[in-house]
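Below: the structure, in structure tokens.
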Amino acid sequence: MLQISYLRDHTEVAMQRLAIKNFTDTGLIQQIIDTDTERRKIQAELDALLAHQNRIAKQVGELMRAGNKAEAEDLKNKSTAMKQSVAELHDKLAAAEREMESLLVKIPNTPSPKVPAGKSAEDNKEVHRNSVPVPELGKKAKPHWELAEQYDIIDFELGNKISGAGFPVYKGKGARLQRALINFFLDKATAAGYKEVQPPVVINEDSGFGTGQLPDKEGQMYHVTADNLYLVPTAEVPVTNFYRDVILKHAELPVKLTAYTPCFRREAGSYGKDVRGLNRLHQFDKVEIVQIEHPDKSYETLEVMKDYVASLIDALELPFRIVMLCGGDMSFASALTYDFEVWSGAQHRWLEVSSVSNFETFQSNRMKLRYRDEKNKTHLAHTLNGSALALPRIVAALLENNQTEKGIRIPKALVPYTGFEMMD
RNA sequence: GGAGAGAUGGCAGAGCGGUCGAAUGCGGCAGACUCGAAAUCUGUUUUCCGGCUUGCCGGAACGGGGGUUCGAAUCCCUCUCUCUCCGCCA
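Residue numbers 2 to 425, in this note's numbering, belong to the letters of the first sequence in order.
Laid out in structure tokens, this is it:
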């Protein structure tokens, strides 16, 4: 959620930047500013009345103690006469505040000035490609879903039986590979200074609102209606919300956390080759990194996080590229996002395995996450997060790219975790 | 699932109709003492909204919402949550 003060004081700039995200509803922005003006006017009126009432109440007390009942009664009547106006203004103020917030949450975050304009993924800007060569596998290359069946390591049919499409069962060395990747990623993150935490995997409404999943993306989460809880779509939600309604001391910044959770996504509306095999699942494993930063340092930090994620994929010896998302492809809450895509050797396409974003104050304004500066003034902190990494497409690329006659080669860095060098 | 108790500042904990944004203790910050530290003493220490001369003024907040009253942390209703005991259970 943008800050109303920003929208009010920098209306033109805000509109220009929102246009990069293809948000052009200037009427809505004007409506917000009008509502805000009205809100402040109402508050000034209400405050004046309340101040008057407070004075009367004090005087009544004094008069009663002095035994001056007649005059006290007189004042009481005066105050009573004001009650209706107070109640009306109170309701009007509450309505204006509700109105303003309900409109404000519809405005996406303003993209950073670096963000390129564009409509879709085609307009994203490649900023890096690592030196691992794209494998030449020839015509015999099998897609990962065939390899999974051949080596009996992932059972999609069994998952269908138990839950439905998008809930695979990992078996044998496949299950072991999952565990190996999770441990590998957590160990790396810990070594890089992120503190490991294990959050709940169901979240309440306030948490969903805090990071921006609610109210807009309600349909993307599994909802446990009996308790009004949601299954986490990413560890970002519970972990960032640790700091909802918190004021950090400046010495406590930055906060660096990492968490493994299963992630649950309904993926309503997805279809076709995108959902084949491991490409898009309803449940998958992911290690996430979350950082809370001083506003002056958040972009520097974003680069550090980007380099960190790159180091993970390098260690897995997978070819990948990093793209800076264009305005049209960015999420609602992000100010700048880097996507990481690994090359899928049999599908011949790039698969997104990580997304690293700076949300600036968009999330912290929603969840009132602040820090205290050297002068004890409070400010909204910046929040950032990134996948480090999401497992399924990494597994897909590992299976496809590393397939050999004898089996699937496990990258060296992972062998201590898998305990085997070949999937066969 | 059943019964009971409770929710107050960073923490502990008082207040139970007015002078209470809130005693006291602990913690934090600044200063005094000290070569330094501890101890001790003094001062200071919530957040949000609005206004303007940016330091002050006004308003709001004692779990959330509503009510009674001239006036509510205090009384009433309601919701949520927490704790204790019993039951069940990894």
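Virtual Cβ for every residue (Gly too), placed ideally from N, Cα, C.
Please state if the CB of residue j and the CB of residue i are separated by a distance shorter than 8 Å.
i      : j      : result
HIS283 : ARG266 : yes
GLY328 : SER355 : no
GLU396 : LEU279 : The sequence as given places Val at residue 396; Glu does not occur at that position. The answer is yes: Cβ separation under 8 Å.
ILE1   : LEU148 : Because the chain is modelled from 2 through 425, residue 1 falls outside the range shown and cannot be assessed.
PHE210 : TYR418 : no
SER80  : ILE57  : yes
VAL198 : LEU230 : no
ILE34  : ARG9   : yes
LEU90  : ILE43  : yes
ALA193 : TYR7   : no
LEU303 : LEU385 : yes
ASP330 : SER121 : yes
ALA389 : ALA142 : no
LYS257 : TYR195 : yes
THR191 : THR259 : yes
ASP425 : TYR152 : yes
Would you tell me roughly how many angstroms separate the C-alpha atoms of residue i and residue j, rounded to the nearest one?
i      : j      : result
GLY61  : ALA73  : Looking at the sequence itself, residue 61 is Val, so the reference to Gly does not match. Whole-angstrom Cα-Cα distance: 5 Å.
ASN403 : VAL135 : 11 Å
ASP315 : VAL133 : 8 Å
LYS174 : GLY220 : 34 Å
SER358 : LEU50  : 46 Å
GLU253 : GLU237 : 19 Å
VAL225 : GLY139 : 47 Å
LYS307 : LEU326 : 13 Å
ALA398 : PHE341 : 13 Å
LYS413 : LEU317 : 8 Å
VAL116 : LEU337 : 7 Å
ASN366 : THR241 : 12 Å
LYS369 : HIS295 : 15 Å
VAL14  : PRO114 : 11 Å
GLY227 : ASP124 : Position check: residue 227 holds Ala in this sequence, whereas Gly was assumed. Using only the alpha carbons, I get a separation of about 43 Å.
LYS378 : ARG371 : 10 Å
MET65  : ALA71  : 9 Å
ASN69  : ILE5   : 49 Å
ARG99  : THR362 : 21 Å
PRO263 : PHE243 : 18 Å
ASN78  : MET101 : 35 Å
TRP344 : LEU19  : 32 Å
GLY270 : VAL276 : 11 Å
PHE168 : LEU178 : 17 Å
LEU232 : SER103 : 25 Å
ALA67  : LEU215 : 57 Å
SER332 : ILE411 : 34 Å
According to the neighbour-count rule (16 or more other Cβ atoms, all chains shown, within 10 Å of its Cβ), is residue i buried or exposed?
i      : result
ILE293 : buried
ASP1   : In the structure displayed, the chain extends from 2 to 425; residue 1 sits before or after that span and is not available.
TYR261 : buried
LEU159 : exposed
GLN364 : buried
PRO393 : buried
ILE154 : buried
ASP92  : exposed
THR25  : exposed
HIS145 : buried
ALA45  : exposed
PRO320 : buried
LYS162 : exposed
LYS461 : Here the chain comprises residues numbered 2 to 425, so residue 461 is not present and cannot be evaluated.
ALA166 : exposed
SER86  : exposed
PRO201 : exposed
GLU401 : buried
ALA391 : buried
TYR272 : exposed
ARG281 : buried
ARG350 : exposed
LYS84  : exposed
Assuming residue i contacts residue j (C-beta within less than 8 Å), just tell me the rounded distance between them.
i      : j      : result
LEU105 : LEU249 : Wrong, their Cβ atoms sit about 24 Å apart, outside the cutoff.
ASN131 : ALA311 : 7 Å
SER299 : HIS383 : 4 Å
ASP297 : ARG245 : Between ARG245 and ASP297 the Cβ distance is about 23 Å, and since that is not below 8 Å, they are no contact.
LYS218 : PRO112 : Not quite, the Cβ-Cβ distance comes to about 19 Å (not below 8 Å), so this is no contact.
ARG40  : ALA97  : 4 Å
THR235 : GLU268 : So it is not a contact: roughly 13 Å between Cβ atoms.
LEU415 : ALA181 : 6 Å
Checklist entry - Which runs of the beta strand (DSSP E) fall wholly inside the region 128-209 and span at least 3 residues, in chain order? => result 196-198
Checklist entry - At what residue ranges does the region 202-288 contain a whole run of the alpha helix (DSSP H), taking only runs of 4 or more? => result 206-212 and 237-242
Checklist entry - In chain order, which continuous runs of the alpha helix (DSSP H) of length 4 or greater are located wholly inside the region 333-411? => result Within the region 333-411, the complete alpha helix (DSSP H) segments of 4 residues or longer fall at 363-368 and 392-402, listed in chain order.
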